[in-house]
Structure formats: C-alpha cells, structure tokens
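Q: Below: one structure in structure tokens.
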Amino acid sequence: MAGTALRGRLTWQVAKVAAVAAETASVRTITLDVPDWPGHRAGQHLDIRLTDEDGYVAERSYSIASAPGEPVAITVERLDDGEVSPYLTDELRAGDDLELRGPIGGYFVWEPGDGGPLLLLAGGSGIVPLRSILRHRERTGSTVPVRLLYSSRTLDDVIYRVEFDMAASGVEVVHTLTRHQPPGWAGYARRVDAALLAEVAWPAAGTPLAYVCGPTSFVEAVSQALVQGGYPPQRVKTERFGATGGT
Amino acid sequence: MGPISRGFRRRRQDPAGSAGRVPPGQYVTKDFPVLSAGPTPPTALDRWSFSVGRGGQQKTWSWAEFRALPSQDVTVDIHCVTRWSKLDTAWQGVSVDMLLDLAGHDGPFAMAHCDGGYTTNLPVADLTGGKAWVAYAYDGQPLAPEHGGPARLLVPHLYFWKSAKWVRSLELRDTNEPGFWENYGYHIYGDPWREQRYAGD
C-alpha cells in the first residue's frame with residue numbers, strides 16, 4: 014500500500030482539451046487527451062498550470078473525475094472570486110492546450126480489493142473523486158455494496174445527476190438538498206449530521222470503509238459523527254476543499 | 019516557461035508587503051484552510067503527553083508539565099503544498115531546541131508521530147536553531163482541534179504538512195525514512211522555495 018503511489022518525477026506535459034461538458038450552471042467536466050498519461054487510481058488528483066502572456070503562472074489541483082482506463086477528465090466548479098476555476102469553466106474549450114501533471118495522491122484512493130461495504134459521502138463538488146471510485150467499481154465488475162450520500166444546495170446543483178439516477182446494481186444513492194427542495198421532494202432536506210448518518214450509513218459492525226470529500230465544515234461534521242458512531246478512524250478517509258476562494 | 023494559456027489573465031494580486039515572502043506557485047490567503055487525511059482525533063488533555071525519544075530512551079511531559087515549559091511567541095509565514103500561503107501567523111509554543119536539550123537526545127533525523135497514526139520525517143537540523151516549535155496556541159487562543167490542537171509541530175520554513183497536527187512525540191533516528199505523505203508521493207524534504215511538492219521535484 015504505502016509507497017506504491019508514485020514513482021519517479023512528475024513532469025509537466027501539454028494535454029489537449031477533447032471536450033467541455035456542462036454538469037450544472039457553474040460546473041464543467043473537461044475531458045483531456047493526455048499524450049503521456051501513466052494511468053491513475055480512483056480518487057487521485059492532478060495539477061493544472063496556467064501561464065499568461067506576462068509569464069504569470071497559476072497552479073491548482075483538481076480531482077480526477079474519470080475511472081482508471083477512461084480518458085482523463087476533471088470536473089471543475091467555478092468559484093466567482095477564483096483565478097483558475099473561472100478560466101477552466103468559462104474560457105477553456107475543445108482544442109485548447111492545457112498543461113498538467115499527475116496523477117498525485119495515494120491515500121484517498123479505492124481499489125476493489127480494499128473491501129467494504131463502501132460509504133461515500135460528498136458535499137458539493139466533493140463528489141468528483143467519489144464518482145471516479147463509483148465508475149471504477151462498475152468497470153472492474155466489483156460487487157461491493159455502496160451507499161452514496163450526496164449533499165447539494167439545490168437539485169440544480171447536483172453534479173452527475175443523470176448518471177446517478179441510473180445507478181449501477183448494488184449502489185444506493187441518497188440525496189440531501191440543504192438550501193432549496195423542489196415541490197414533492199421526497200429525499201432529505203438538511204445538512205448531514207449524526208442523526209441522518211444513523212439512518213443512511215452502514216452499521217459500524219460490518220467493517221465499512223468510508224470516503225468523505227467536501228468543504229471543511231462538511232468533512233469535519235461527517236467524519237466526527239462517523240467515528241462517534243463507531244467507525245474506526247482509519248476506515249474514514251477524508252479529503253477537504255478549503256474555502257480559500259483560491260481555486 | 020510553459021505554453022501560454024489562451025485567454026488566461028492574472029486575476030489575483032499578492033497583497034502589499036508580501037513581496038519576497040510568497041514562494042513560487044503559492045498564493046496568499048487570509049483564511050486558514052484545513053487539510054488532513056482522516057477525522058480530527060480528539061485527545062483529552064488529561065491523557066495527552068509529549069515525548070522525545072531515541073532508541074527506547076524517552077523523556078515525556080504531561081500537558082501540565084509541557085505548558086509549564088518556557089514558551090515563545092512567534093510570528094511566521096506558512097506555506098501549504100496545496101498552494102495557499104498565509105502571512106504573519108501568530109503562534110505560541112515550546113521550541114524544539116529546548117525539548118531536545120531537556121530530553122538529552124540528538125539527530126540526525128526525526129520522525130514526528132501523531133494521534134491518528136500520522137507521521138512525518140524531518141532532518142533534526144530543520145528542527146533546531148530556532149526554526150521549529152511544538153505550538154499550542156494560535157492567534158492568542160488555544161489551538162483548535164481541526165488545526166492540530168492541543169498541539170502541533172510548527173516548522174514554517176518547510177511545506178506545512180511537515181508541521182504535523184496532533185503531534186505527540188518526536189523520535190530521533192539515524193536514518194531518514196519517509197513519513198505518511200512522503201510515502202504517498204510527496205517530497206521527502208518539502209522546501210517551498212524550491213517547490214519540492216512531490217517526489218523528484
């Protein structure tokens with residue numbers, strides 16, 4: 014396990030944007046043609062580097078949205094006061110060059126052999142690496158049971174909604190909409206807390222494996238509640254998006 | 019320099035007074051983002067201790083004993099490998115120089131061990147000479163658990179993952195073995211001014 018994630022130097026290379034697809038009003042999935050991609054694991058991320066005409070450089074990390082073996086794709090949410098994300102969501106188009114390196118990270122990853130049942134907990138765009146895990150599970154024919162609890166502000170903010178509506182066998186998708194719910198909404202309508210987890214999470218006794226990704230407040234609340242509910246801390250893997258306004 | 023990104027314009031300006039203080043690839047934030055691999059492990063202060071050891075010989079302080087040690091107030095810039103830098107952060111803690119002196123142990127390398135099983139490796143030369151602390155207060159307040167409280171390592175001249183949260187011991191050793199993130203592909207040393215983010219940088 015440890016030590017197998019990365020070998021050698023990660024070099025920058027120029028990828029070609031193959032497609033840009035709208036997921037929501039502020040979220041785009043960018044599919045890339047990467048000439049020298051070494052392959053990635055579900056849950057890893059990559060680094061993007063932008064250079065302006067004055068030589069100013071901005072780098073950011075983005076989770077990989079596609080499964081191992083699929084074309085490399087990232088899903089980016091526009092942060093209005095950001096520098097890199099508005100470029101990626103609003104300006105970038107098919108045929109553009111995009112400098113990147115990766116994959117990066119060997120901890121927040123899942124392989125079929127890691128067991129389960131799997132509990133995936135996403136807040137907002139924290140869904141991206143979990144979607145890679147879900148696709149990897151399906152592509153590898155894994156039958157490990159999965160529950161995905163996905164917290165969004167409104168139904169229109171749900172990323173990959175159509176894909177999740179047709180979830181694979183053995184995958185239960187549970188939505189909660191924290192800010193606004195459409196008429197007749199039958200799902201949850203509140204923030205994820207211990208009580209909600211008690212209803213949705215796998216019982217702690219069954220050696221579940223949890224992946225939590227989202228804003229810091231979400232990850233803190235959810236991971237603490239899981240541990241208090243009996244999940245061993247080492248079975249709760251977390252990844253946080255700091256609210257820095259910088260991505 | 020890499021290829022110019024069609025249509026990309028700089029939108030972010032580093033704040034006044036930051037010239038020469040922001041390493042390459044970093045941007046200044048006023049927030050204090052939280053990054054860690056697992057849940058924040060709470061440690062009750064009556065069960066908390068800090069140790070410095072080498073080869074099975076160790077010196078251990080209780081929370082009360084640790085807080086009774088002379089402390090320093092330091093104001094430093096910190097740099098996270100995820101690219102945020104935060105300037106003029108104010109900490110209170112015990113210098114690692116003092117802890118090593120009191121323990122009577124020396125380098126050449128150290129492994130920091132933390133609640134939750136997290137580890138990180140550092141050369142002792144980077145922990146001594148007034149460059150590193152075990153900090154228990156931030157901005158005049160007890161260090162919050164999500165930021166590593168009750169106490170975290172503070173090694174501001176290296177990327178901030180080296181400033182291990184929830185630190186409980188320093189183990190001195192002869193060899194420089196990789197810690198947690200270093201095993202997952204992050205740089206063995208982590209100098210932000212040389213952009214040592216990942217292995218091989």
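Chains as they are written, first to last, in our numbering: chain A, 14 to 260; chain B, 19 to 219.
Glycine included, each C-beta is placed from N, C-alpha and C at the ideal position.
Determine the chain B residues that contact Gly118/A at a beta-carbon separation under 8 Å, and present them in chain order.
A: Those are Tyr202, Gly203, listed as they occur along chain B.
Q: Grouping DSSP H, G and I as helix and E and B as strand, with all else coil, what is Phe68/B?
A: Of the three classes helix, strand and coil, the one that applies to Phe68/B here is strand, per DSSP.
Q: Taking all protein chains shown into account, decide if Val46/B is buried (16 or more other Cβ within 10 angstroms of its Cβ) or exposed.
A: By the 10 Å Cβ count, Val46/B comes out buried.
Q: May I ask which residues mark the beginning and end of the beta strand (DSSP E) holding Thr107/B?
A: Run containing Thr107/B: 102–113, per the beta strand (DSSP E) assignment.
Q: Buried or exposed: where does Pro195/A fall if 16 or more other Cβ atoms within 10 Å of its Cβ makes it buried?
A: Pro195/A should be labelled exposed.
Q: From Arg204/A to Ser39/A, what does the alpha carbon distance come to, in whole angstroms?
A: Using only the alpha carbons, I get a separation of about 21 Å.
Q: Can you tell me where the beta strand (DSSP E) holding Leu132/A begins and where it ends?
A: It spans 131–136 - the beta strand (DSSP E) in which Leu132/A sits, taken as one unbroken run.
Q: What three-state label does DSSP hand Gln75/B in the structure shown?
A: Correct three-state label for Gln75/B: strand.
Q: Taking C-alpha atoms, which residue in Gln110/B, Arg191/B, Phe26/B, Ser181/B lies nearest to Gly158/B?
A: Gly158/B has its Cα closest to that of Gln110/B, out of Gln110/B, Arg191/B, Phe26/B, Ser181/B.
Q: For Lys149/B, which of helix, strand or coil comes out of DSSP?
A: Coil, per DSSP.
Q: Quick one, are the C-beta atoms of Ala78/A and Trp123/A less than 8 Å apart?
A: For Ala78/A and Trp123/A, no; Cβs fall outside 8 Å.
Q: Measuring alpha carbon to alpha carbon, tell me which residue in Arg62/A, Ser236/A, Asp206/A, Tyr224/A is nearest Tyr75/A.
A: Ranking the options by Cα distance to Tyr75/A, first place goes to Arg62/A.
Q: Going by DSSP, name the residue or residues bridged to Val30/A.
A: Looking at the DSSP assignment, Val30/A forms a beta bridge with Leu45/A.
Q: Residues of the segment 178–195 of chain B with a CB closer than 8 Å to any CB of chain A: list them in chain order, please.
A: Cβ contacts with chain A come from no residue of the segment 178–195 of chain B.
Q: What does the alpha-carbon distance come out to for the pair Ser23/B and Val97/A?
A: Computed Cα separation, rounded: 11 Å.
Q: If you follow the beta strand (DSSP E) that Gln90/B is part of, which residue opens it and which one closes it?
A: It spans 90–97 - the beta strand (DSSP E) in which Gln90/B sits, taken as one unbroken run.
Q: In terms of residue numbering, what span does the beta strand (DSSP E) encompassing Arg191/B cover?
A: From DSSP, the beta strand (DSSP E) with Arg191/B extends over 185–191.
Q: Going by C-alpha to C-alpha distance, which of Gln26/A, His149/A, Glu233/A sits closest to Leu113/A?
A: Among Gln26/A, His149/A, Glu233/A, the Cα nearest to that of Leu113/A belongs to Gln26/A.
Q: For a quick check, are the C-beta atoms of Val232/A and Thr251/A less than 8 Å apart?
A: Yes, Cβ-Cβ distance for Val232/A and Thr251/A is below 8 Å.
Q: Measuring alpha carbon to alpha carbon, tell me which residue in Gly119/A, Ala71/A, His149/A, His58/A is nearest Glu83/A.
A: Looking at the Cα atoms, His149/A is the closest of the given residues.
Q: Leaving out five residues on either side along the sequence, give the residues of the same chain with a beta carbon under 8 Å from the beta carbon of Asp127/A.
A: For Asp127/A, where only same-chain residues beyond five positions count, the Cβ hits under 8 Å are Leu222.
Q: When the Cα atoms are used, what is the spatial distance from Ser80/B to Leu161/B?
A: Rounded to the nearest angstrom, the two C-alpha atoms are 17 Å apart.
Q: I need the boundaries of the beta strand (DSSP E) containing Thr251/A, first residue and last residue.
A: First-last of the beta strand (DSSP E) with Thr251/A: 249–254.
Q: Within 10 angstroms of its Cβ, does Lys48/B collect 16 or more other Cβ (buried), or is it exposed?
A: Exposed, because fewer than 16 other Cβ atoms sit within 10 Å of the Cβ of Lys48/B.
Q: Could you tell me which of Trp102/B, His175/B, Pro21/B, Phe84/B sits nearest to Ala169/B, measuring between CA atoms?
A: That would be Phe84/B, whose Cα lies nearest to the Cα of Ala169/B.
Q: If you check the beta carbons only, do Gly197/A and Thr189/A fall under 8 Å apart?
A: No, Cβ-Cβ distance for Gly197/A and Thr189/A is not below 8 Å.
Q: Please name the residue in Pro88/B, Pro21/B, Ala121/B, Gly74/B whose C-alpha comes closest to that of Tyr69/A.
A: Of Pro88/B, Pro21/B, Ala121/B, Gly74/B, the residue nearest in Cα terms is Pro21/B.
Q: Please confirm whether Ala55/B has its beta-carbon closer than 8 Å to some beta-carbon of chain A.
A: Chain A contact via Cβ: present.
Q: Is the beta carbon of Gly115/A sitting closer than 8 Å to the one on Leu23/A?
A: Yes, these two residues count as a Cβ contact at 8 Å.
Q: Is the beta carbon of Leu105/B within less than 7 Å of some heavy atom of the ligand ZN?
A: For the ligand ZN, the structure offers nothing, since it holds no ligand at all.
Q: Is it true that the CB of Ala31/A sits closer than 8 Å to the CB of Leu45/A?
A: It is a contact, given that the beta carbons lie within the stated cut-off.
Q: Are the C-beta of Met129/B and some C-beta of chain A separated by less than 8 Å?
A: Not one chain A Cβ lies under 8 Å of Met129/B.
Q: Mind pulling the chain B residues with CB within less than 7 Å of Glu112/A?
A: The answer, in chain order, is Gly20, Pro21.
Q: Are Ser138/A and Thr191/A closer than 8 Å when you measure CB to CB?
A: No, they are not a contact pair.
Q: Under the three-state reduction of DSSP, which class applies to Thr257/A: helix, strand or coil?
A: Residue placement at Thr257/A is flagged as unreliable, the pLDDT there being 34, under the threshold of 50; the coordinate-derived value follows with that caveat. Coil.
Q: What did DSSP end up calling Leu171/B once you bin it into helix, strand or coil?
A: Here Leu171/B sits in strand by DSSP.
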